[in-house]
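**Q**
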Amino acid sequence: TGGSQGASQHHYLAGVANVLRRFQIAQHTPSLREFEAALKAENLQPQHTAALFQRISFLKSLLSEADENKAVAPYAIDITTLFKPGQVVVVDLNNPILAAQEVNNIFSTVLT
Numbered sequence: 001t002g003g004s005q006g007a008s009q010h011h012y013l014a015g016v017a018n019v020l021r022r023f024q025i026a027q028h029t030p031s032l033r034e035f036e037a038a039l040k041a042e043n044l045q046p047q048h049t050a051a052l053f054q055r056i057s058f059l060k061s062l063l064s065e066a067d068e069n070k071a072v073a074p075y076a077i078d079i080t081t082l083f084k085p086g087q088v089v090v091v092d093l094n095n096p097i098l099a100a101q102e103v104n105n106i107f108s109t110v111l112t
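Last residue of the sequence shown: 112 (the numbering used here), numbering continuous.
Here's what the structure looks like:
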């Protein structure tokens, strides 16, 4: 049900916030591997982590530092080089695992 899904999301988001807070306090920007390991060490309940690790898997599919992208990593570009005056950039955020607020957050990040 929607209520239990919302509660599950709340629990794993609290875990993500805890991990991020610890990295912030340590003034450390983690690698993707460190971030994922810290999330796994958070000992969240399995029913709370399915959606979280589905999103982590999606994130890994986009990042050049992920193991599954090593073959294409040499072709990675700095996306900031794409944003120039007069340049049109299309960002396709159509993905069934992304909620509207997540899409908005990604879009806002791209704009900054």
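Ideal Cβ positions, reconstructed from N, Cα and C, are used throughout, including at glycine. Model, not experiment: these values are computed from the prediction.
(1) Any idea if residue 91 is buried or exposed, counting beta-carbon neighbours within 10 angstroms, 16 or more meaning buried?
(2) Are residue 110 and residue 77 closer than 9 Å when you measure CB to CB?
(3) Looking only at its chain, what residues have a beta carbon closer than 6 Å to the beta carbon of residue 44, apart from the 5 residues adjacent to it on each side?
(4) Mind checking whether residue 89 and residue 82 have CB atoms under 9 Å apart?
**A** So, from the listed chains and residues:
(1) exposed
(2) no
(3) 12 and 15
(4) yes
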